[in-house]
Every structure is written in C-alpha cells, then in structure tokens.
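S.K.: One structure coming up, written as structure tokens, with questions to follow.
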Amino acid sequence: MGCIALIRQTYFDAQWYKQFLTAENSPEFNISLDAFNKLSSLPVIFDVRDKQSALRANKIAKEFSTSYIIKGGGDEYQRIKEIKAIGTTFIIPLAFPDGYDVTDPFDANAVSLSDMKHWEQAPFNAYYLFKEGIHFAFTTDRLKEKKDFFKNIRKAIDCGLPEEEALKALTQTPAKIINVQNITGELKQGMMANFLSPLKVLRKR
Numbered sequence: 015m016g017c018i019a020l021i022r023q024t025y026f027d028a029q030w031y032k033q034f035l036t037a038e039n040s041p042e043f044n045i046s047l048d049a050f051n052k053l054s055s056l057p058v059i060f061d062v063r064d065k066q067s068a069l070r071a072n073k074i075a076k077e078f079s080t081s082y083i084i085k086g087g088g089d090e091y092q093r094i095k096e097i098k099a100i101g102t103t104f105i106i107p108l109a110f111p112d113g114y115d116v117t118d119p120f121d122a123n124a125v126s127l128s129d130m131k132h133w134e135q136a137p138f139n140a141y142y143l144f145k146e147g148i149h150f151a152f153t154t155d156r157l158k159e160k161k162d163f164f165k166n167i168r169k170a171i172d173c174g175l176p177e178e179e180a181l182k183a184l185t186q187t188p189a190k191i192i193n194v195q196n197i198t199g200e201l202k203q204g205m206m207a208n209f210l211s212p213l214k215v216l217r218k219r
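According to the numbering used here, the residues represented by the sequence shown are 15 to 219, in order.
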C-alpha cells in the first residue's frame, strides 16, 4: 500500500510541477520532478512480483492516462482474462519453481495445493499468454542459473508454446518494447547484424 501511495503521489507532484512551471510564481527548480516529466514519453516498465500487482499497476496507468510494459511474476495464467484486458505487453521470467520433495508424508502435508498447482502450471504460462493474444518477451531475471534460460524456453515449447512465438519473444518483441524495431530485432537489410541462432538453439535437446 505504501509503494502504491508513493507512486501516485509522485504523479500528482509531477503534474503540479508541470502546471506551475509556466506560472509567474513558479516553484523553485526540482531536478527529480523535472526529469520525471521530461522522460514521461519514454516506454515505462513496471516491475511486479505477481498477477495481483500487475492488476494494481494497470489501475495506476488508467488513473494517470498512461501505459506500462509490465515485467511480470510468471503467474499471469492464474488471472489470464484480467491480464488480457490490460492490453499491454508483458516481460515474463522463465524461473520455474523447483519440484517439491514429497517422499515424507509429513513434508508433503506442508505443501499447499496452490504451490503444487503453480509448480505444474508455471511452464505453461507463456503458452497461455500466446493463446490469449498477449504480446510478451522473455527475461533471464529471477533465474538462479542463467544457463537454464534456453533450457526453460525449450520447456515452455514442450508445454505448447510455438517455436516461432518463442523466437519472437527473444527478438522482435524486445525491440518493439524499447522502440528500436527499426534497427534491430529482425534479420533483414539495414538492421544491426547481431543475431541469435534461433530454432537450432530452441530445438536442442
């Protein structure tokens, strides 16, 4: 609640500062609010930890007539219809939960059904986003080992995500997120010549 209040107050302060800059009795120069207003036209990435926070971020965006690219928590599938209604691009992690040791009945009893379901469904998250027509890119953030990145992409493909959509989440969509799709993100004449060896990597077993 405190974070949301602080974000909203910053928007209100920035609006007030911008309004009074043109007035005769303008306030003293505020470097933070000045920078906030000057950068307001750039893409904004809102980092959240779960699907509920993604919905909260959308409420802020609506209140201040702006839009966010949401860096999600990997559980968007749990509220997929509401997530789709946001109408924005997501950046999703591929840090799937580890399996639970349930060999001991006492330990197994301590694992909640929701945790078990998330362990089962998390690798399907990208597929559900694709199925609902939600644009997304991948991030290595929250991975314990970065070397697991491509392994987890292949796992998402095994769970239904088309290979072409996985490739798009690594190339075209990230370029569009930061508005550099005119110079990178695709292999064609005039583009920057850095590229990923795509389906060969994704199909590696």
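For each residue, glycine too, the CB sits at the ideal point set by N, CA and C. Source: prediction; values computed, not measured.
Assuming ILE105 and LYS73 form a contact by the criterion Cβ under 8 Å, report the distance between their Cβ atoms to the nearest whole angstrom.
M.R.: The residue given as residue 105 occupies position 91 in the sequence shown. The residue given as residue 73 occupies position 59 in the sequence shown. At roughly 19 Å, the Cβ-Cβ gap does not stay under 8 Å, so ILE105 and LYS73 are not in contact.
S.K.: Using 9 Å as the threshold, is the C-beta distance between ILE191 and THR80 below it?
M.R.: Position 177 of the sequence shown holds residue 191. Position 66 of the sequence shown holds residue 80. Going by C-beta atoms, ILE191 is not nearer than 9 Å to THR80.
S.K.: Quick one: which unbroken beta strand (DSSP E) runs of 3-plus residues sit fully inside the stretch 146–186? Chain order, please.
M.R.: Those beta strand (DSSP E) runs which fall completely within the stretch 146–186 and span 3+ residues are 150–153.
S.K.: Nearest CA to the CA of HIS149: which residue from PHE43, GLU90 and ILE18?
M.R.: Residue mapping note: residue 149 aligns to position 135 of the sequence shown, counting from 1. For HIS149, the nearest C-alpha among the options comes from GLU90.
S.K.: For ALA151 and PRO188, which I take to be in contact (beta-carbon distance under 8 Å), what is that distance rounded to the nearest angstrom?
M.R.: The residue labelled residue 151 in the question sits at position 137 within the sequence shown. The residue labelled residue 188 in the question sits at position 174 within the sequence shown. Right, the Cβ-Cβ distance comes to about 5 Å (below 8 Å), so this counts as a contact.
S.K.: Please confirm if the stretch 16–25 is in contact with the stretch 60–76, defined as three or more CB-CB distances below 8 Å between the two stretches.
M.R.: With a cut-off of 8 Å, the stretch 60–76 and the stretch 16–25 count as touching, because enough Cβ pairs lie within range.
S.K.: Residues in its own chain within less than 7 Å of GLY88 by CB, not counting five upstream and five downstream?
M.R.: Position 74 of the sequence shown, counted from the start, is the residue given in the question as residue 88. Closer than 7 Å at the Cβ level, and outside the excluded window around GLY88, lie ILE106, PRO107, ALA109, ALA136 and ASN139.
S.K.: Three Cβ pairs or more, each shorter than 8 Å: is that satisfied between the stretch 47–55 and the stretch 24–34?
M.R.: The stretch 47–55 is in contact with the stretch 24–34.
S.K.: Which residues bound the alpha helix (DSSP H) around ILE83?
M.R.: Here residue 83 refers to the residue found at position 69 of the sequence shown. No alpha helix (DSSP H) contains ILE83, which is instead part of the beta strand (DSSP E) from 83–85.
S.K.: Can you tell me whether DSSP reads ASP129 as helix, strand or coil?
M.R.: Residue mapping note: residue 129 aligns to position 115 of the sequence shown, counting from 1. It is helical.
S.K.: Could you spell out where the beta strand (DSSP E) holding ASP115 opens and where it closes?
M.R.: The residue labelled residue 115 in the question sits at position 101 within the sequence shown. Segment: none, ASP115 is in no beta strand (DSSP E) and carries neither H nor E.
S.K.: Just curious, the alpha helix (DSSP H) that ILE106 is in, first and last residue?
M.R.: Looking up residue 106 in the sequence shown gives position 92. No alpha helix (DSSP H) holds ILE106; the beta strand (DSSP E) holding it covers 104–107.
S.K.: What distance in whole Å lies between the Cβ atoms of TYR142 and MET130, which are believed to be in contact at a cut-off of 8 Å?
M.R.: Position 116 of the sequence shown, counting from 1, holds the residue named residue 130. Position 128 of the sequence shown, counting from 1, holds the residue named residue 142. Not really, about 18 Å apart at Cβ, beyond 8 Å.
S.K.: Counting along the chain, where does the alpha helix (DSSP H) carrying ILE59 start and finish?
M.R.: Here residue 59 is taken as the residue at index 45 of the sequence shown, counted from 1. Taken as a continuous stretch (DSSP letters only), ILE59 belongs to no alpha helix (DSSP H), being part of the beta strand (DSSP E) at 59–61.
S.K.: According to DSSP, simplified to helix, strand and coil, what is SER54?
M.R.: Start at 1 with the first residue of the sequence shown, and residue 54 comes out as number 40. Three-state DSSP puts SER54 in coil, outside helix and strand.
S.K.: Specify the secondary structure class of LYS65 as computed by DSSP and reduced to three states.
M.R.: For the purposes of this step, residue 65 is identified with residue 51 of the sequence shown, where counting begins at 1. Looking at LYS65 - three-state DSSP - the assignment turns out to be helix.
S.K.: Under DSSP, the alpha helix (DSSP H) around ASP27 begins and ends at which residues?
M.R.: For the purposes of this step, residue 27 is taken as residue 13 along the sequence shown, with counting starting at 1. Note, ASP27: alpha helix (DSSP H), 16–35.
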